[in-house]
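Visitor: Before we start, here is the structure in question, set down as structure tokens.
So this is what it looks like as structure tokens:
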């Protein structure tokens, strides 16, 4: 064990999760986690300009390239441990990406408490025993599905791993109900956080069976019956070609309810539509849509999602006491739409027999509510999540 340690100072920007750091030598003050680990680094989070209230049980992204980390004993970074400021209390974490030749690490660390008024210190230990991690410990029961999308698709079942304990693993190119095609699997690319997936988009203009890439989950587990949040990163979106039908391109997320008989309100149960002009749909009712031609994410191209953009759609059902909930749409952390839920816009959510598609829209085919996928996204996706609550 070394009595001297590096002390990198990190500053988190939550929507991008970028860290700025410098290194100095300081004497160790906190207790050491275990003598089997040779090194540790202190990480300081300063969030007083980012959050207004303390956060509990919150996953934080730790993303940095540090040449010192090439000294790890384990090629996949499974000898890395995070602790609280006391140096000994272990924090739950998962490693999304680790390169033992450069020292790059992309990890998610669950913080029991994050202060909005003072700094929070943790330690990262490395070059020790292989201990591994359990991703489900990082993402609590509020999360329905978390896809980091850092896998290489081969079209096999369960290849896109769900980081929660709900088991909502996805498959590239489809599966039961919608059929499967190796010609429609996505491709690994550099993402906003680690790796992401490249989707080629539709190759035909048919409104029937699609031709573009997508990721499919045949049975979505853990969906709440009311309030929920959908979020993902999208990037390098290619807009509708000249003369094309805008309704047939760039749908992002679709959840279909397999009611056993054809019913449009169930095949379009939950939809997050068109990356260039974001809408969200609950059954047959639109809500929280950006005004045409779309949110100006870039001044020189207001209708296009070029580069990476973070989309968060929140559905807030009317409360039991009659209080109407407000549902919101955020783009890159900016609230762009806030609408009241009342009347026929206030819908309950099904919790079973749900089919999920990332990168397209599930449509009815004959008597099958969830029979085909079309209107696919042409661009990149990363870090897709659904969570209960607001």
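In my numbering, the protein residues as written are 1 to 390.
Positions of the beta carbon are idealized from the N, C-alpha and C atoms, including for glycine.
Keep in mind that this is a model prediction, so the values were computed, not measured.
Please check the pair residue 363 and residue 355, which I expect to be a contact at CB under 8 Å, by giving their CB distance rounded to whole angstroms.
Guide: Not confirmed; about 11 Å, so no contact.
Visitor: Where do the ends of the beta strand (DSSP E) carrying residue 89 lie?
Guide: Here residue 89 belongs to no beta strand (DSSP E), and DSSP marks it neither H nor E.
Visitor: Taking residue 232 as part of the beta strand (DSSP E), name the residues at either end of that continuous run.
Guide: Per DSSP, residue 232 belongs to the beta strand (DSSP E) from 228 to 235.
Visitor: Do three or more CB pairs link the segment 186 to 195 to the segment 323 to 336 at distances below 8 Å?
Guide: No, the segment 186 to 195 does not touch the segment 323 to 336.
Visitor: Can you tell me the Cβ-Cβ gap for residue 72 and residue 80, rounded? I've got them flagged as a contact below 8 Å.
Guide: About 7 Å separates the two Cβ atoms, so the contact holds.
Visitor: Consult DSSP for residue 248 and reduce its assignment to one of helix, strand or coil.
Guide: Residue 248: helix per DSSP, three-state reduction.
Visitor: Please confirm whether residue 51 and residue 223 have their CB atoms less than 8 Å apart.
Guide: Not in contact: residue 51 and residue 223 (Cβ atoms no closer than 8 Å).
Visitor: For residue 125, which residues of its own chain have a beta-carbon under 6 Å away from its beta-carbon, when the five flanking residues on both sides are left out?
Guide: Around residue 125: 33, 37, 40 and 81.
Visitor: Does DSSP put residue 67 in a helix, a strand or coil?
Guide: Note: residue 67 maps to helix in three-state DSSP.
Visitor: Excluding five sequence neighbours on each side, which residues of the same chain lie with their C-beta closer than 6 Å to the C-beta of residue 13?
Guide: At residue 13 the pLDDT is 33, less than 50, meaning the model places this residue with poor confidence; the figure from the coordinates comes in the next sentence. Excluding sequence neighbours, residue 13 sits near nothing in its chain.
Visitor: Please state whether DSSP places residue 184 in a helix, a strand or coil.
Guide: Residue state, collapsed to three classes: helix.
Visitor: Closest to residue 277 by C-alpha separation, out of 174, 287, 257 and 96, would be which residue?
Guide: The residue with the shortest Cα to Cα distance from residue 277 is 287.
Visitor: Can you give me the start and stop residues for the beta strand (DSSP E) that residue 224 sits inside?
Guide: No beta strand (DSSP E) holds residue 224; DSSP gives it neither H nor E.
Visitor: Going by DSSP, what residue range makes up the beta strand (DSSP E) through residue 173?
Guide: Element bounds for residue 173: n/a, residue is neither H nor E.
Visitor: Could you check where the beta strand (DSSP E) with residue 217 kicks off and where it finishes?
Guide: Run containing residue 217: 215 to 217, per the beta strand (DSSP E) assignment.
Visitor: Considering only C-alpha positions, which residue in the set 306, 162 and 358 is nearest to residue 173?
Guide: Nearest C-alpha to residue 173: 358.
Visitor: Evaluate contact between the segment 211 to 222 and the segment 166 to 185, counting only Cβ atoms and requiring at least three cross-stretch pairs below 8 Å.
Guide: Segments in contact, yes.
Visitor: Report the rounded CA-to-CA distance for residue 178 versus residue 376, giving the unit in angstroms.
Guide: Each residue's alpha carbon lies about 14 Å from the other.
Visitor: How far does the beta strand (DSSP E) with residue 112 in it extend, from its first residue to its last?
Guide: 104 to 114 is the extent of the beta strand (DSSP E) around residue 112.
Visitor: Within a Cβ cutoff of 6 Å, which residues of the same chain sit near residue 107, ignoring the five residues on either side of it in sequence?
Guide: These residues qualify, in order along the chain: 62, 93 and 95.
Visitor: Among 103, 74, 76 and 121, which has the Cα closest to the Cα of residue 85?
Guide: When only C-alpha atoms are compared, the closest one is 121.
Visitor: Do residue 48 and residue 113 have their C-beta atoms within less than 8 Å of each other?
Guide: Cβ atoms of residue 48 and residue 113: not closer than 8 Å.
Visitor: Report the residue from 253, 43 and 183 whose alpha carbon sits nearest the alpha carbon of residue 66.
Guide: The shortest C-alpha separation from residue 66 is found at 43.
Visitor: So the candidates are 123, 326 and 282; which of them puts its Cα closest to the Cα of residue 83?
Guide: Looking at the Cα atoms, 123 is the closest of the given residues.
Visitor: Whole angstroms are fine: how far does the CA of residue 141 sit from the CA of residue 162?
Guide: Roughly 13 Å separates the two Cα atoms.
Visitor: Where residue 374 and residue 208 are concerned, what is the direct C-alpha to C-alpha distance, given to the nearest angstrom?
Guide: Each residue's Cα considered, the two are about 7 Å apart.
Visitor: Using three-state DSSP, classify residue 385 as helix, strand or coil.
Guide: If DSSP states are grouped into helix, strand and coil, residue 385 belongs with the strands.
Visitor: Between residue 299 and the rest of its own chain, which residues show a CB-CB distance below 7 Å, the 5 nearest in sequence each way excluded?
Guide: Low confidence applies here, because residue 299 scores a pLDDT of 38, under 50, leaving its location unreliable and the question unanswered by this model.
Visitor: Less than 8 Å separating the beta-carbons of residue 314 and residue 390?
Guide: Yes, they are a contact pair.
Visitor: Compare the C-alpha of residue 104 against each of 110, 76 and 128 and name the closest.
Guide: Nearest of 110, 76 and 128 to residue 104, Cα basis: 76.
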